[in-house]
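Structure record follows, encoded as structure tokens.
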Amino acid sequence: PNILPIYEVSQSEEGLPFFSMKFAGGGSLLEAAPALRREPRRAVTLMAKVARAVEYAHDQGILHRDLKPGNILLDGNSEPLVSDFGLAKWLEPFGDLTRTPSIFGTPGYIAPEQVNGSAGKLTPVADVYSLGAVLFHLLTGRPPFTGEHALKVIQQASEKPAPKLRTLAPALDRDLETICAKCLEIEPGARYHSAGELAEDLERWLGGHSIVARPVSPPVRLWRWSRRNPVVAGMAALLLTLGTTIGVLIWKGEVAAENSDRAAGIAVLPFESLSPEKENAFFAGGIYDGVSTKLAKLADLKVISHNSVAKYRGVRDTQEIGRALNVAYVLKGSVSRSAGRIHLNIQLIDTRNDSHLWSEEYDRDLNNVFALQSQIAQKVADHLGAKVSSTEKAAIDEPPTTDLIAYDAYLRAKDLISSIPFSRRVKDDLLEAVRLLDQAVARDPLFFDAYGQLAGANDRIYFLGFDHTDARLQLSEAAIQSIRQLRPASGETHLALAQHLYWAYQNYDGARDELATARRTLPNEARIPLLAGYIDRRQGHWEESLDQMKQALELDPHDLSILQQISLTYQALRRYKETVATLDKVSAIAPKDIAIKVWRARVELQWRSDPNPLHTTIETALIQDPKTAPFIFFQWLELALSERDPVAAERALTAMPAGGCYDENIPFPDGWCRGLAARLRGDEPAARAAFASARKELEQTVRDQPRYAVALCAIGVVDAAMGNKQDAIREGQRAVELMPVSKNAIDGAILVQYLAVIYAWTGEKDRAIEQLAEAMKRPGSHVTYGDLRLNPLWDPLRGNPRFEAIIVSLAPR
């Protein structure tokens, strides 16, 4: 399996030798490597198959001895085929299968023992080394060792450990680094014992399970090096007397390794408000926000973002915080204000030993608050020995505004915007944020940060369809122009432009270019890799999207919104085990969050077609706190429809929040959900009245914005529900034309899915199944086993053999 077959070995009529083999039309891994570097999961999938092929060869008693990207071909289906056994060797003592004494393999990929005089004693682990080198190349774009000539490469491979994978590709998973490192051990006995063991670990990683390989600690590496070093070997007797010392070194090394990872990290904890008034709490939050934001501008410091530290408000155990956030330092503070003055107490603490590096009390005039923020940030940098460039110094010293009232409005708006991923009042919160930010920039027309938030809020209102009009877009454009005029070259400007291009224009390539510029001056900004992940996802680069989001998570390890997006991406890929594992992490951070529990239970509905966990979770949540109903409305209605429970559907409708009943990114009006519930209970007149209401609302939107694809899709589905066949099909087809999957991998796939619904509801069953089969191939669609089995939208197709076959193909295995 996965070995290039030879069909014939013979001679031509002219006496020339020849052989024929399977045609591999997909090139080689060497040619595919640049693309695979952007798709690490695909690279690992291919290498797991290659490892199985090499295992098969070993089982037949054959070593390859020259595995490299150029010798692994791809067929027309992109399946790997191991080829070129030109240096193969029997494992049994029959000698080489092919002999070319001057050739010993390809430097950069061959095991050290192949060139150090041990070639006659090679074992399967020599090929394991080569497999690791090929995997390293696919993930980083280069082999483990490079040099100006072959001898230099061979010398490096024989004398020093391979570089760590993540030094060349920081976004990659640590387990992949561990797997590569085990393959590339200099000592054969330290590697995987067989290609099969390597394949098993790669398959564990692909399945989201724990791998067997473990990172090698620095003391163990030192010990292995001493065995290879002849000088140290000659001092064996002395080493025997140092056993206790080595034991201490091992312990210290492990501690040092842990602490070195935390050495440059700092978490600025939310400052405590010492006054009971709510207004002072916002003020304390503003002081904290300013200090944290200024420190995050320093490239020499790893600063944990606001979202990750929020849960540690009031936590006293700094060592626990250090371990949880992987930081060596925390900055704590308490704030009070009265009679126009501010009193601030600051403490910088080393989390490794709970010692105070610096503490100070400040009593200042309220009007000097921004200068105080800059002073604190500079003192923290000084105490931690962080390098501060002249550009960074200027950024730290610059106040956000000179108007405290404008700053207060800005902070309130920023708080509303940051809570949007978990809000059921998204439209109201965004509109209120815009109102507050308009106040802020009216009071201070030079308030750069406020313009950035204002552009982002208007962009989201436009993107989410709450106000998808040119007038709203112009408001966003005006804020962007102010940003450009105030700071044309700053990283924040380029980040704001990237967000604007993404949300307002879906110009993903332009947004990516702006992010690349922003990244140079905002090294600690988690929003940059997160937005890059959004872009990759919209462009259909799903594995790269996950890599970027995981990079954002490293900068912001406890940000629930990042974890939420990672879980959604896994779910779109139907990788449910990883979806569940990610949501379990979210639950560990926010164990009381009902919406997260409901989302976790919903996975079982989609994955296994099991509504019971979702039913139990929702009923429990409603009993414990009825106020949670609006936050779980969509899942509640979805459950009621799936269980064909009209009473539950009516109960859910009472909790429907204002602003429509969005379904899978499609902006359906309230009437759509009311119509579905009425049809479920058999009240057709009420259903038609509700659908007519929804259509009237959508009609105006489509008239004003004829190229708004998701609105066209929505009116098409409503027309299908009302029996307006020709209009429904025309609208659904037009929506897919305007927003193809090639332009938007998420919305495009969902539009294909809803076109299938339109065809199903208008009696075009064959066309419905064709579209459904197409949607099923697309990760961005929401076609799942549970949805097809239980959702009433698909009732017209039930009993159709092709439809039932699609359901079976999605069943969990």
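When we follow our numbering, the leftmost residue of the sequence shown carries the number 10, and every step to the right adds one. A virtual CB, placed ideally from N, CA and C, is assigned to each residue, including glycine.
Chain-order list of residues whose beta-carbon lies under 6 angstroms from that of residue i (same chain, five-residue window excluded)
i           : result
residue 50  : 552
residue 442 : 422, 425, 426 and 466
residue 503 : 523, 526 and 527
Alpha-carbon spacing of residue i relative to residue j, whole angstroms
i           : j           : result
residue 266 : residue 177 : Any reading at residue 266 needs caution, since the residue's pLDDT is 39, under 50, leaving its predicted position unreliable; the model's value is listed next. Roughly 20 angstroms between the two C-alpha positions.
residue 529 : residue 500 : 7 angstroms
residue 112 : residue 133 : Caution applies to residue 112, whose pLDDT of 40 falls short of 50 and renders its modelled position unreliable; the value that the coordinates give is listed next. About 19 angstroms.
residue 121 : residue 166 : 6 angstroms
residue 199 : residue 468 : 54 angstroms
residue 693 : residue 687 : 7 angstroms
residue 674 : residue 524 : 25 angstroms
residue 714 : residue 478 : 7 angstroms
residue 245 : residue 281 : Summary for residue 245: the model assigns pLDDT 41, below 50, so the residue's position carries little reliability; its value from the coordinates is reported in the next sentence. In a straight line, the C-alpha of residue 245 is about 59 angstroms away from that of residue 281.
residue 743 : residue 719 : 10 angstroms
residue 348 : residue 369 : 21 angstroms
residue 152 : residue 545 : 26 angstroms
residue 42  : residue 142 : 13 angstroms
residue 195 : residue 172 : 12 angstroms
residue 217 : residue 384 : 46 angstroms
residue 28  : residue 21  : 10 angstroms
residue 386 : residue 678 : 48 angstroms
residue 366 : residue 393 : 9 angstroms
residue 249 : residue 168 : Confidence is the limiting factor: at residue 249 the pLDDT is only 38, short of 50, which leaves the residue's position unreliable and the question unanswerable from this model.
residue 760 : residue 748 : 8 angstroms
residue 814 : residue 798 : 11 angstroms
residue 145 : residue 38  : 12 angstroms
residue 822 : residue 667 : 40 angstroms
residue 23  : residue 817 : 57 angstroms
Cβ shell of residue i (< 8 angstroms), same chain only, five flanking positions each side left out
i           : result
residue 568 : 314, 316, 317, 535, 561 and 562
residue 809 : 774 and 778
residue 653 : 689 and 801
residue 397 : 307, 309, 387, 390 and 405
Run of the alpha helix (DSSP H) containing residue i, from where it starts to where it stops
i           : result
residue 392 : 378-392
residue 643 : 642-651
residue 586 : 585-598
residue 419 : 413-427
residue 56  : 49-68
residue 609 : 603-617
residue 408 : Counting along the chain, residue 408 falls outside any alpha helix (DSSP H), and DSSP gives it neither H nor E.
residue 741 : 734-747
residue 700 : 693-713
residue 829 : No answer is possible for residue 829: the residues shown for the chain start at 10 and end at 822.
Extent of the continuous beta strand (DSSP E) to which residue i belongs
i           : result
residue 20  : 15-20
residue 75  : Per DSSP, residue 75 belongs to no beta strand (DSSP E) and is neither H nor E.
residue 367 : 364-374
residue 277 : 274-277
residue 458 : Taken as a continuous stretch (DSSP letters only), residue 458 belongs to no beta strand (DSSP E), being part of the alpha helix (DSSP H) at 457-472.
residue 116 : No beta strand (DSSP E) contains residue 116, which DSSP labels as neither H nor E.
Supposed contact pair residue j and residue i - C-beta distance, whole angstroms, cut 8 angstroms
i           : j           : result
residue 138 : residue 77  : Contact flag wrong, Cβ pair sits at about 12 angstroms.
residue 606 : residue 596 : 7 angstroms
residue 363 : residue 410 : Actually they do not touch by this definition, with Cβ atoms about 37 angstroms apart.
residue 207 : residue 148 : The Cβ separation is near 14 angstroms, so there is no contact.
residue 664 : residue 638 : 4 angstroms
residue 579 : residue 513 : So it is not a contact: roughly 28 angstroms between Cβ atoms.
Beta carbon of residue i nearer than 8 angstroms to that of residue j
i           : j           : result
residue 615 : residue 795 : yes
residue 777 : residue 806 : yes
residue 420 : residue 375 : no
residue 737 : residue 771 : yes
residue 344 : residue 334 : no
residue 211 : residue 53  : yes
residue 464 : residue 509 : yes
residue 707 : residue 683 : no
residue 382 : residue 299 : yes
residue 547 : residue 351 : no
residue 295 : residue 416 : yes
Residues near residue i in its chain [Cβ-Cβ closer than 7 angstroms; skip 5 each side]
i           : result
residue 330 : 276, 321, 324, 339 and 360
residue 763 : 675, 722, 726 and 741
residue 87  : 35
residue 10  : 61, 62 and 65
residue 204 : 60, 63, 64, 67, 133, 136, 137 and 140
residue 767 : 725, 726, 729, 737, 738 and 741
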